[in-house]
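Undergrad: Position 34, counted from 1, in the sequence shown is what the working numbering calls 1149; the numbers after and before it change by one each time, with no gaps. Note that CB positions come from ideal geometry on N, CA and C, so glycine has one too.
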Amino acid sequence: MKTWKIVVAAILIAGVAIGFFFYQKEQNKLLFVTEHYPPFAYLTDTGEVTGLSVSIVREIQSRLGMDESITLGLWSDAYGLATHRKNVVIFSIRRTPNRESIFHWVGPIARTKNVFYARKGSGLQFDVLEDVKTVPHVGVIASWFNAQNLESAGFTNLVKVDTPEELIRKLMNGEADVIAMTDVSMVDYLEENGYTMDDIEQVLWIDGGYDYIGFSQGTDIEIVQQWKDVLNEIKADGTFKSLYEKYQPGSDLADLLNL
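1) Just grab the DSSP bridge partners of Arg1234 for me.
2) Buried or exposed: where does Glu1360 fall if 16 or more other Cβ atoms within 10 Å of its Cβ makes it buried?
3) Looking at C-alpha atoms only, which residue of Val1148, Leu1196, Lys1248 and Phe1155 is the closest neighbour of Tyr1362?
4) Below 8 Å on the Cβ atoms is my guess for Asp1298 versus Lys1228; work out the distance and round it to an integer in Å.
5) In or out: Leu1371 buried (at least 16 other Cβ within 10 Å) or exposed?
6) What is the residue span of the beta strand (DSSP E) that Met1296 lies within?
7) Does DSSP put Lys1201 in a helix, a strand or coil?
8) Where Val1204 and Glu1163 are concerned, what is the direct C-alpha to C-alpha distance, given to the nearest angstrom?
9) Check Phe1260 in the structure and name its three-state DSSP category.
10) How close, in whole Å, do the beta carbons of Ala1262 and Lys1275 come, if the pair is a contact with beta carbons under 8 Å?
11) Using the three-state DSSP reduction, which class does Phe1218 fall into: helix, strand or coil?
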């Protein structure tokens, strides 16, 4: 992701948050926030927010007669809003035990694997999660589920950054020995920064899980139920599959369509 996009996104989400604070006092509007997370959410060269999960959210919005815009920014900012204000919708967000009571969950909308990566030729290889505590620096994105999970597991060697660009840079210049990242987005993150999967290696599979649309506490539960119902509709009528074919053709959707 180009640096200008990161700066613009950060400014946008901060500005939207300030305006929304006053606006929602007047109307029961939702604030939709996401991050740069290809192929699920990203900015085009013209500044448009697009992607697989964005398309799913917009399809549900359309069927419910909603017209709220979607703001893309830093995950830490989006997560902070979603955990401190009502009527905030955050996606795509991994559902974990630590987060279970923090949000109302609509989904799942995606399945990803959580992996530790190192530079090619690092010589690092781990058998269990505990082994990763022995390296000096583990790179993570602030407020991501894997950062939260690793902290809960007792990791004290975490290096937190705000953007995927920073994470890749720290890995490739040696400031991080390994990084925690989902498999689906790694190819895009590397390419955006001039690298390929040939420049890194997987050193430990951590876990797999599902991404959801999260509604902050205090949001009208009837609205949440409407979103659940419409998501089930688009899964049943083939729209969900069609959107996946556009962004991730050939995906096995058996579990996503039945959960």
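TA: Let me lay it out:
1) Sequence index remark: in the sequence shown, residue 1234 carries index 119 (1-based). Looking at the DSSP assignment, Arg1234 forms a beta bridge with Ile1315.
2) By 1-based counting over the sequence shown, the position of residue 1360 is 245. Glu1360 sits exposed, since fewer than 16 C-beta atoms from the chains shown fall within 10 Å of its C-beta.
3) As a working note, residue 1362 is residue 247 in the sequence shown. The option with the nearest alpha carbon to Tyr1362 is Phe1155.
4) As a first step, residue 1298 must be located in the sequence shown, where it is residue number 183. As a first step, residue 1228 must be located in the sequence shown, where it is residue number 113. Taking C-beta atoms under 8 Å as the contact rule, Asp1298 and Lys1228 qualify, at a distance of about 4 Å.
5) Taking the sequence shown and counting its residues from 1, the one referred to as residue 1371 is at position 256. When all chains shown are included, Leu1371 counts as buried.
6) Taking the first residue of the sequence shown as position 1, residue 1296 is located at position 181. Membership of Met1296 in the beta strand (DSSP E) is indicated by the continuous run Val1293 to Thr1297.
7) Along the sequence shown, read from residue 1 onward, the residue named residue 1201 stands at position 86. Looking at Lys1201 - three-state DSSP - the assignment turns out to be coil, as it is neither helix nor strand.
8) In the sequence shown, residue 1204 corresponds to position 89, counting from 1. In the sequence shown, residue 1163 corresponds to position 48, counting from 1. Each residue's CA atom was taken as its position, placing Val1204 and Glu1163 some 19 Å apart.
9) Along the sequence shown, read from residue 1 onward, the residue named residue 1260 stands at position 145. Note: Phe1260 maps to helix in three-state DSSP.
10) Walking along the sequence shown from the start, residue 1262 turns up at place 147. Walking along the sequence shown from the start, residue 1275 turns up at place 160. The Cβ separation is near 6 Å, so the contact holds.
11) Taking the first residue of the sequence shown as position 1, residue 1218 is located at position 103. Looking at Phe1218 - three-state DSSP - the assignment turns out to be strand.
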